[in-house]
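To start, the structure under review is shown below, and the notes come after it.
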């Protein structure tokens, strides 16, 4: 299990909340003990647990396996039931892969969080910044394998590579591969708000449990036919995958 707390890029995090507070014996001024928020990820392919080099089946009956599955998740904050901001973290990015299971989102004043706002990809301003300005090990810093094409094209929002039984003979013959590298500003997608309804208690850790379903990236896509795009060389397929981004993340 891999626990991340350093792959967070955030320079502007605002918590909006007003609650009672307590006095500290050493510091009689009014203080408030925060609570910790963790994001927990379960990685799936449909109803099955995710594993590399393991057979799965697409919507068209094609057998396939993953050997790479990396993507960028942006958690831009939380809003209440009236869409008023509770936490704003516009620059919070995570580089997600199946080894990422728990991430520390931060510490905040006690409150109830309602709707999580999220997206797949990198916003159009950040997308064209130099990854070298970010600390080594941070989500938007240099990665291996690379998640960046260059200052003009920007980040690779999603990199999915693997094998697919194109001819249906039950084997993965040489050259039977899929490679989906999705990026460029036009493929950035916001997902629907997720109603978490999670209380933050003082001095405690609140866990928001999320499912990542990698089969949803390929929803409606026949991997025996449509199996390669590095975005600009097959924009139609890239847009089809990007339109599936909003289906990938769900509440556990």
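Numbering (the numbering used here), first residue to last: 6 to 257.
Note that the Cβ used here is the ideal one computed from N, Cα and C, for glycine as well.
From a predicted model like this one, the values you see are computed outputs, not experimental measurements.
With respect to the 8 Å criterion, residue 42 and residue 111 are classified as neighbours on the basis of their beta carbons. Under DSSP, residue 124 shares a beta bridge with 79, 195.
At the C-beta level, residue 228 and residue 60 stay beyond 8 Å of one another. The residue from 97, 73, 57, 176 with its alpha-carbon nearest to that of residue 139 is 97. Here DSSP, grouped into helix, strand and coil, assigns residue 221 to helix. In the DSSP assignment, residue 109 falls within the unbroken beta strand (DSSP E) covering 105-113. For residue 165, the uninterrupted beta strand (DSSP E) run begins and ends at 159-169, by DSSP. Distances from the CA of residue 202 to each of 189, 85, 76, 44 were compared; the closest alpha carbon is that of 85.
In this structure residue 108 touches residue 44 by the C-beta definition: roughly 5 Å separates them, less than 8 Å.
Residue 40 is positioned such that its CB atom lies no closer than 8 Å to that of residue 247. Just so you know, the alpha carbons of residue 231 and residue 257 end up roughly 30 Å apart.
Short of 6 Å from the beta carbon of residue 48, and not among the five residues preceding or following it, lie these beta carbons of its own chain, in chain order: 55, 103, 217. Under DSSP, residue 186 forms a beta bridge with 164. By the neighbour-count criterion, in which a residue is buried when 16 or more other Cβ atoms sit within 10 angstroms of its Cβ, residue 233 is exposed. At the C-beta level, residue 73 and residue 165 come within 8 Å of one another. Nearest Cα to residue 52 within the set 150, 220, 77, 241: 220.
For residue 153, the uninterrupted beta strand (DSSP E) run begins and ends at 153-155, by DSSP. Cβ neighbours of residue 113 within its own chain (closer than 7 Å, five residues either side excluded): 20, 39, 40, 42, 92, 205.
For residue 49, the enclosing beta strand (DSSP E) stretches over residues 40-50. With contacts defined by Cβ atoms closer than 8 Å, residue 88 and residue 123 do not form a contacting pair.
Taking the Cα of residue 173 as reference, the smallest distance to any Cα among 154, 194, 69 is reached at 69.
With respect to the 8 Å criterion, residue 57 and residue 71 are classified as neighbours on the basis of their beta carbons. Excluding residues up to 5 positions away in sequence, 133, 135 lie with their Cβ nearer than 7 Å to the Cβ of residue 156 in the same chain. Straight-line measurement puts the Cα of residue 76 at about 12 Å from the Cα of residue 150. When DSSP states are grouped into helix, strand and coil, residue 247 belongs to the helix group. The Cβ neighbour count for residue 159, taken over all protein chains shown within 10 Å, is at least 16; the residue is labelled buried.
Residues 126 of the same chain have their beta carbon placed closer than 6 Å to that of residue 193, with the five preceding and five following residues left out of the count.
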